[in-house]
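**Student:**
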Amino acid sequence: MDALIVVPLILVLFFLHYYFTDHDTVIDKDRKRFTEGIALFESGNTTAAHAYFDQKVKENRKSALAYSYRGKCNLQDGNLYSALYDFTEALSFDNTLVEVHLDKGRVHFQLEEYKEAFLSFDKAVWFSRGSVADALHWRTEAHQKLPPSTVADKEQEL
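Given below as structure tokens:
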């Protein structure tokens with residue numbers, strides 16, 4: 016008799032808990048908080064976007080998205096080493112960001128660090144499950160730039 020009352024009550028509580036729980040990820044929340052800076056970057060105003068995200072990095076030391084966009088601004092401005100630092104910091108907080116792996120790989124590629132570029136592009140392919148064409152393209156480009164001995168070593172590991 017008690018089970019007829021308790022079981023439906025528990026089911027209702029589970030439903031209410033699920034309904035009222037916030038399901039946004041940290042990145043989704045950051046995208047909502049940083050809409051102004053993202054709009055600045057996407058409109059091409061990288062100087063203002065850099066200043067915006069530089070301030071957000073100081074306020075939110077563990078925000079992968081803030082580091083990522085500051086890195087994108089640095090990349091647009093040609094500050095490759097600053098961009099590399101920002102992308103590395105972003106990935107230290109969230110290692111699953113495909114765009115950041117792609118951007119970091121592009122920086123390594125421009126610096127002619129093809130092995131590191133290949134590894135970054137490979138991670139982008141892995142985390143995107145092969146669904147991002149840019150990741151596949153850039154991984155192939157980096158693989159072709161690797162010296163033959165590095166390619167042979169990589170094939171032996173597999």
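Per the working numbering, residue 16 is the first one in the sequence shown, and the count goes up by one each step. Ideal placement from N, C-alpha and C gives every residue a C-beta, glycine not left out.
Can you tell me which of the three DSSP states LEU24 falls into?
**Tutor:** Locating residue 24 in the sequence shown gives position 9, counting from the first residue. Of the three classes helix, strand and coil, the one that applies to LEU24 here is helix, per DSSP.
**Student:** Determine the extent of the alpha helix (DSSP H) in which ASN89 is found, giving its start and end residues.
**Tutor:** Here residue 89 corresponds to residue number 74 of the sequence shown, with the count starting at 1. Note, ASN89: alpha helix (DSSP H), 79-92.
**Student:** Three-state secondary structure (DSSP) at PHE108?
**Tutor:** Your numbering for residue 108 matches position 93 in the sequence shown. Note: PHE108 maps to helix in three-state DSSP.
**Student:** Check whether the segment 80-98 touches the segment 128-142, taking contact to mean three or more Cβ pairs, one atom from each stretch, closer than 8 Å.
**Tutor:** no
**Student:** Looking at the structure shown, is ARG121 part of a helix, part of a strand, or coil, going by DSSP?
**Tutor:** Stepping through the sequence shown from its first residue, residue 121 is reached at position 106. If DSSP states are grouped into helix, strand and coil, ARG121 belongs with the helices.
**Student:** Beta-carbon separation of ALA105 and LEU112 under 8 Å?
**Tutor:** For the purposes of this step, residue 105 is identified with residue 90 of the sequence shown, where counting begins at 1. For the purposes of this step, residue 112 is identified with residue 97 of the sequence shown, where counting begins at 1. The answer is yes: Cβ separation under 8 Å.
**Student:** Quick check: the Cα distance between HIS65 and VAL22, rounded to an integer number of angstroms?
**Tutor:** Counting from 1 along the sequence shown, the entry for residue 65 is found at position 50. Counting from 1 along the sequence shown, the entry for residue 22 is found at position 7. Cα-Cα distance, rounded: 54 Å.
**Student:** If you count every other CB in all the chains shown that lies within 10 Å of the CB of ALA157, and 16 or more means buried, which is it?
**Tutor:** Within the sequence shown, residue 157 is the residue found at index 142, counting from 1. Label assigned to ALA157: buried.
**Student:** Counting C-beta neighbours from all protein chains within 10 Å, is the total for TYR67 16 or more, i.e. buried, or is it exposed?
**Tutor:** As a working mapping, residue 67 is identified with position 52 in the sequence shown. Buried: at least 16 other Cβ atoms inside 10 Å.
**Student:** Rounded C-beta distance between LYS136 and LEU117? I'm assuming under 8 Å.
**Tutor:** In the sequence shown, residue 136 corresponds to position 121, counting from 1. In the sequence shown, residue 117 corresponds to position 102, counting from 1. What sits at residue 136 in the sequence shown is Phe, not Lys. Yes, PHE136 and LEU117 are in contact; Cβ-Cβ is about 7 Å, under 8 Å.
**Student:** What first and last residue would you give for the alpha helix (DSSP H) that runs through LEU161?
**Tutor:** For the purposes of this step, residue 161 is identified with residue 146 of the sequence shown, where counting begins at 1. LEU161 -> no alpha helix (DSSP H), and no H or E assigned at all.
**Student:** Is the separation between the beta-carbon of ASP109 and that of GLY86 shorter than 8 Å?
**Tutor:** In the sequence shown, the residue the question calls residue 109 occupies position 94. In the sequence shown, the residue the question calls residue 86 occupies position 71. Here ASP109 is not near GLY86, since their CB atoms are 8 Å or more apart.
**Student:** If I measure Cβ to Cβ from VAL122 and keep anything under 6 Å in the same chain, skipping five residues before and after, which residues do I get?
**Tutor:** Taking the sequence shown and counting its residues from 1, the one referred to as residue 122 is at position 107. For VAL122, where only same-chain residues beyond five positions count, the Cβ hits under 6 Å are LEU95, ALA98 and LEU99.
**Student:** Just checking my contact of ALA79 with ILE42 at CB under 8 Å: how many whole Å lie between their CB atoms?
**Tutor:** As a first step, residue 79 must be located in the sequence shown, where it is residue number 64. As a first step, residue 42 must be located in the sequence shown, where it is residue number 27. 7 Å between Cβ atoms; contact.
**Student:** Give the secondary structure of ARG154 by DSSP, where H, G and I count as helix, E and B as strand, and everything else as coil.
**Tutor:** Residue numbering aside, residue 154 sits at position 139 when the sequence shown is read from its first letter. ARG154 sits in a helix when the DSSP states are folded into three classes.
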